[in-house]
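Protein chains in written order, with the numbering used here: chain A, 849 to 1156; chain B, 741 to 1023. Ideal Cβ positions, reconstructed from N, Cα and C, are used throughout, including at glycine.
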Amino acid sequence: MFRFTSSTGKARSNPVYVQGFDNKDMDWDAETNAGITAPGETIVSSLEFMRGHGTFPDGDEVAATVAGTLQRVNKLISVKPIRSRYTPEIGDLVVARIVEVQPRRWKVDANGRQDAVLMLSSVNLPGGIQRRKLESDELQMRTFFEEGDLLVAEVQAFFADGAMSLHTRSLRYGKLRNGQMITVPPILIKRLKSHFCALTCGVDVILGINGYIWVSKHVKENQQVGEEGFDAESVYSNKNDYIDATTRMAIVRVSNIIKIMARYYYPISDIVLNQAYDWIVENDYELKDLLNEDIGEALIAAMSTTYQ
Amino acid sequence: MGSRVEILNPGGYRSDGRKQYELRSMDITLGSTSSSSSTVVHDLQNAMAHPHPTAPDGRAHIAHGLTEATAQVFGPREAQMRRDAIHDRANINVQVVMLPFSGGASSRRRGRGDKRLLELAAAIKSTFEPVIQTGLYPRSQIDIIVEIHQQDGGVLQAAINAATLALVDAGVALYDQVVAVSAGLHSTAVLLDLTHYEENDCPHLTVGVMPRSGKVTLLNMESRLHVSRFEHVFSVACEAAKIIKGEMGNTIGQRTESLVSAMAQGEPTYGRTAAADDMMDEI
């Protein structure tokens, strides 16, 4: 493991850099490829490296601004914070919650540094997708989304101040029903091929890259509401379908697994959730006991050994 | 004088058995320890705006001897009041709460809006304004909520150290970790990390230092101290800050390391499974 030494005033003339890091070879330990930093710690010389996110220049040194792991791409040094808010990228799938209805737009909480914006022009409206937004649409914005509603959307663009703009122009995006939301640190959600996961236990999970996860009743592919014969009534409906007791239990079981993984800082993906679910069913644990510490620990231990 | 406890006895010991330059024992907890998601009592402003309050982004608890404080950091997040949003940087909002049972000076209850608390909050805010990279978070707000659980001198010091740790835990970009320490003067002897009893009897000050650059972001002195003595007290305090920085740095390092290794546990080595390894061995 690397150790860092922050330089004192005296050491400035003869800076102490990351141990185990050879400036000549510019090569990290290939095994870990990451050191650990804390704010204000000197990382490297700014003469030899370019500074990326999570760093700042101080004289001819580059120092970290966050606690996290060092990342290097050629000459670019950056620090990835181990805990932070969601940093959006275009194309990310996010689960979000409406906080405010404003003229022609919704303000949405997506776990970012500012509230995201969902423009009226970036949602599908009743009566065909490609049509002009009318004044009448503006007046009945609350019939589409109102405060507290949950939705799944994609990051479309950024505003000048870094706020993100979302869109729901796809049959898979839109209002969320029939389930519950779990919040986890965003770093635990890895980028996957698809963030819409249908688990083997008959539960749908949407892994928002912003750390919000939606766990809901499974909807069959052919029963999804959407573009062809776009039915605004059902897309923007606030009523849950009937959910039977076994599905409800499965939803809670998956939610509790996610909570356990967040507690132990274990990366979350559909594969892991399936494995964890099977493990819990195999061991026949009661739903109410899942959040007990010893079961959580056993689950994490069991999950880790499968990768060893 | 007979019945009074001496601040510094002839043997060089203070009333709690410490030496002149000895700091009280520290205890730091980073992040939330409870398994359940925390309910936040004092984040009322946000509770009104959001019907579904979330856990803090960063949290830290620190004990300097008997003085204990917890800091919670929310954000960077959308400014609650639109007028608070600053177009090119983040707005820092500090709130200090003294719990009713925390004891301390005049064991009177200090509610919201108490002048003493507002002053503490203002001191903390001005301490962190030059340290947080606010330019990275335009139009957002960073809320720092400090709860004082127990008071035995050095409340400002504990509050600032807790806030630094909570900011690090929240992943807010900082130029440095601010470390605060209190120092006082008894006759000609400098005392470090004063208890409440010593604070009452000695002129004292609190220093907030950025250890990397050695810059001072806070100097708070509410009593009279002779100019000729000031420099000495001040420089001893700055030295002491480095020791506290070491403690805080260790805790941050350990916490980061444990989180990194916890995450690594769940990451498969790409393209390598146990089965694949076995196959490789056979070949």
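If you measure between the beta carbons of P936 (chain A) and M1029 (chain A), is that distance less than 8 angstroms?
In the first sequence, the residue the question calls residue 936 (chain A) occupies position 88. In the first sequence, the residue the question calls residue 1029 (chain A) occupies position 181. No, these two residues do not count as a Cβ contact at 8 angstroms.
Using C-beta distances below 8 angstroms, list every residue in its chain close to I864 (chain B), excluding the 5 sequence neighbours before and after it, in chain order.
In the second sequence, the residue the question calls residue 864 (chain B) occupies position 124. So the qualifying residues of the chain are V834, V836, I884, V886, L896, A899, I900 and A903.
Could you confirm whether any beta carbon from chain B is found closer than 8 angstroms to the beta carbon of T1048 (chain A)?
Here residue 1048 (chain A) corresponds to residue number 200 of the first sequence, with the count starting at 1. Not closer than 8 angstroms to any Cβ of chain B, the Cβ of T1048 (chain A) fails to qualify, so no.
Is S772 (chain B) helix, strand or coil by DSSP?
On the second sequence, position 32 is the one that residue 772 (chain B) refers to. In this structure, S772 (chain B) counts as coil in the three-state DSSP scheme.
Looking only at its own chain, which residues have a Cβ that is under 7 angstroms from the Cβ of M874 (chain A), when we skip the five neighbours before and after it?
Here residue 874 (chain A) corresponds to residue number 26 of the first sequence, with the count starting at 1. Because the pLDDT of M874 (chain A) is 40, which lies under 50, any placement of that residue in the model is unreliable, and the question is left without a value.
Is the separation between the beta-carbon of T1094 (chain A) and that of V1000 (chain B) shorter than 8 angstroms?
In the first sequence, counting from the first residue as 1, residue 1094 (chain A) sits at position 246. In the second sequence, counting from the first residue as 1, residue 1000 (chain B) sits at position 260. No, the Cβ-Cβ distance between T1094 (chain A) and V1000 (chain B) is not below 8 angstroms.
DSSP three-state label for C1045 (chain A), please.
Along the first sequence, one-based indexing puts residue 1045 (chain A) at 197. C1045 (chain A): strand per DSSP, three-state reduction.
Tell me the DSSP secondary structure of D909 (chain B) in three-state form.
Here residue 909 (chain B) corresponds to residue number 169 of the second sequence, with the count starting at 1. D909 (chain B): helix per DSSP, three-state reduction.
Tell me, please, whether the CB atom of L958 (chain B) is closer than 8 angstroms to any CB atom in chain A?
In the second sequence, counting from the first residue as 1, residue 958 (chain B) sits at position 218. Taking Cβ atoms only, chain A never reaches closer than 8 angstroms to L958 (chain B), which makes this a no.
Go through the region 863-934 of chain B residue by residue and report every complete run of the beta strand (DSSP E) that reaches 3 residues or more, in order.
Within the region 863-934 of chain B, the runs of beta strand (DSSP E) at least 3 residues long that lie entirely inside it are, in chain order, 880-890, 919-926 and 929-932.
In angstroms, rounded to a whole number, what distance separates the CA positions of G751 (chain B) and P840 (chain B)?
For the purposes of this step, residue 751 (chain B) is taken as residue 11 along the second sequence, with counting starting at 1. For the purposes of this step, residue 840 (chain B) is taken as residue 100 along the second sequence, with counting starting at 1. One C-alpha to the other measures close to 38 angstroms.
Check the Cβ of E1007 (chain B) against every Cβ in chain A and list those closer than 7 angstroms, keeping chain order.
Sequence index remark: in the second sequence, residue 1007 (chain B) carries index 267 (1-based). Ordered by position in chain A, the residues that pass the 7 angstroms Cβ test against E1007 (chain B) are P1115.
Any idea which residues DSSP pairs P905 (chain A) with across the strands?
Taking the first sequence and counting its residues from 1, the one referred to as residue 905 (chain A) is at position 57. According to DSSP, P905 (chain A) bridges with A:V910.
Output yes or no for whether 8 angstroms exceeds the beta carbon distance between T946 (chain B) and L958 (chain B).
Here residue 946 (chain B) is taken as the residue at index 206 of the second sequence, counted from 1. Here residue 958 (chain B) is taken as the residue at index 218 of the second sequence, counted from 1. A contact, by the Cβ cut-off of 8 angstroms.
Check the C-beta distance from I1106 (chain A) over to V1032 (chain A) and give it rounded, since I have them as a contact under 8 angstroms.
Here residue 1106 (chain A) is taken as the residue at index 258 of the first sequence, counted from 1. Here residue 1032 (chain A) is taken as the residue at index 184 of the first sequence, counted from 1. Yes, they are in contact, since the Cβ atoms of I1106 (chain A) and V1032 (chain A) sit about 6 angstroms apart, within 8 angstroms.
Starting from the beta carbon of A981 (chain B), find every residue of chain A whose beta carbon is closer than 8 angstroms, and list them in chain order.
Here residue 981 (chain B) corresponds to residue number 241 of the second sequence, with the count starting at 1. Within 8 angstroms Cβ-Cβ: nothing; A981 (chain B) doesn't reach chain A, min ~12 angstroms.
What does L858 (chain B) reach in chain A if we use C-beta pairs closer than 8 angstroms?
On the second sequence, position 118 is the one that residue 858 (chain B) refers to. Neighbours of L858 (chain B) on chain A: none; closest Cβ ~27 angstroms, over 8 angstroms.
With a threshold of 8 angstroms between beta carbons, is T810 (chain B) in contact with chain A?
The residue you call residue 810 (chain B) lines up with position 70 of the second sequence. False, the Cβ-Cβ gap to chain A never drops below 8 angstroms.
Taking the Cβ atom as the reference point for each residue, do L968 (chain A) and K981 (chain A) lie within a distance shorter than 8 angstroms?
Start at 1 with the first residue of the first sequence, and residue 968 (chain A) comes out as number 120. Start at 1 with the first residue of the first sequence, and residue 981 (chain A) comes out as number 133. Against a cut-off of 8 angstroms, the Cβ pair of K981 (chain A) and L968 (chain A) comes out as a contact.
Ignore the nearest five residues each way along the sequence and tell me which others in A977 (chain B)'s own chain have a CB closer than 6 angstroms to its CB.
Taking the first residue of the second sequence as 1, we reach residue 977 (chain B) at position 237. V921, A923 and V947.
Which residues, taken in chain order from the region 930-956 of chain B, show a beta carbon closer than 9 angstroms to some beta carbon of chain A?
M950, P951, R952, S953 and G954
Please return the same chain residues whose Cβ sits closer than 6 angstroms to the Cβ of N1058 (chain A), not counting the five positions on each side in sequence.
Within the first sequence, residue 1058 (chain A) is the residue found at index 210, counting from 1. Cβ neighbours of N1058 (chain A) beyond the five flanking positions: Y934, V942, A958, N959 and P1034.
Is the beta carbon of D824 (chain B) sitting closer than 8 angstroms to the one on Q881 (chain B)?
For this step, residue 824 (chain B) is matched to residue 84 along the second sequence. For this step, residue 881 (chain B) is matched to residue 141 along the second sequence. Result yes, Cβ atoms of D824 (chain B) and Q881 (chain B) sit closer than 8 angstroms.
For a test of the three-state rule: what should DSSP assign to E995 (chain A), helix, strand or coil?
Here residue 995 (chain A) refers to the residue found at position 147 when the first sequence is read from its first residue. Of the three classes helix, strand and coil, the one that applies to E995 (chain A) here is coil, per DSSP.
If you pair each beta-carbon of the region 858-873 of chain B with each one of the region 912-921 of chain B, do three or more pairs fall below 8 angstroms?
yes
From A:K1065, A:I1119, A:A1149 and A:T1016, pick the residue whose C-alpha is nearest to that of N1026 (chain A); which is it?
Numbered from 1 along the first sequence, position 178 holds the residue referred to as residue 1026 (chain A). Nearest option by C-alpha distance: A:K1065.
Excluding five sequence neighbours on each side, which residues of the same chain lie with their C-beta closer than 7 angstroms to the C-beta of Y1125 (chain A)?
As a first step, residue 1125 (chain A) must be located in the first sequence, where it is residue number 277. These residues qualify, in order along the chain: L1047, C1049, R1101, V1102 and I1105.
Return no unless some Cβ of chain A is closer than 8 angstroms to the Cβ of S778 (chain B).
Counted from its first residue, the second sequence places residue 778 (chain B) at position 38. Here the model assigns S778 (chain B) a pLDDT of 40, short of 50, so the residue's position is not dependable, and the following value carries that caveat. Taking Cβ atoms only, chain A never reaches closer than 8 angstroms to S778 (chain B), which makes this a no.
Examine chain B for any beta-carbon lying closer than 8 angstroms to the beta-carbon of P951 (chain A), and answer yes or no.
For the purposes of this step, residue 951 (chain A) is taken as residue 103 along the first sequence, with counting starting at 1. Not closer than 8 angstroms to any Cβ of chain B, the Cβ of P951 (chain A) fails to qualify, so no.
Looking only at its chain, what residues have a beta carbon closer than 7 angstroms to the beta carbon of D892 (chain B), apart from the 5 residues adjacent to it on each side?
Translated into the one-based positions of the second sequence, residue 892 (chain B) becomes position 152. Taken in chain order, the residues that qualify are G805, L806, T807, T935 and H936.
Classify L914 (chain B): buried if its beta carbon has 16 or more other beta carbons within 10 angstroms, exposed otherwise.
Taking the first residue of the second sequence as position 1, residue 914 (chain B) is located at position 174. It is buried - the Cβ of L914 (chain B) has at least 16 other Cβ atoms within 10 Å.
Assign F897 (chain A) to buried or exposed, taking buried as 16 or more other Cβ atoms, counted over all protein chains shown, within 10 Å of its Cβ.
To locate residue 897 (chain A), count along the first sequence from 1; it is residue 49. Flag for F897 (chain A) reads buried.
Determine whether the beta carbon atoms of T913 (chain A) and Q873 (chain B) lie at a separation below 8 angstroms.
The residue given as residue 913 (chain A) occupies position 65 in the first sequence. The residue given as residue 873 (chain B) occupies position 133 in the second sequence. For T913 (chain A) and Q873 (chain B), yes; Cβs fall inside 8 angstroms.
Residues of chain B with a CB under 9 angstroms from the CB of F904 (chain A): which are they?
Here residue 904 (chain A) corresponds to residue number 56 of the first sequence, with the count starting at 1. The answer, in chain order, is Q873, A913 and Y915.
Mark Y1090 (chain A) as exposed unless 16 or more other C-beta atoms lie within 10 angstroms of its C-beta, in which case mark it buried.
For the purposes of this step, residue 1090 (chain A) is taken as residue 242 along the first sequence, with counting starting at 1. So Y1090 (chain A) counts as exposed.
Taking the DSSP output, what are the residues bridged to Y1084 (chain A)?
Here residue 1084 (chain A) is taken as the residue at index 236 of the first sequence, counted from 1. According to DSSP, which records beta bridges pairwise, Y1084 (chain A) is partnered with nothing at all.
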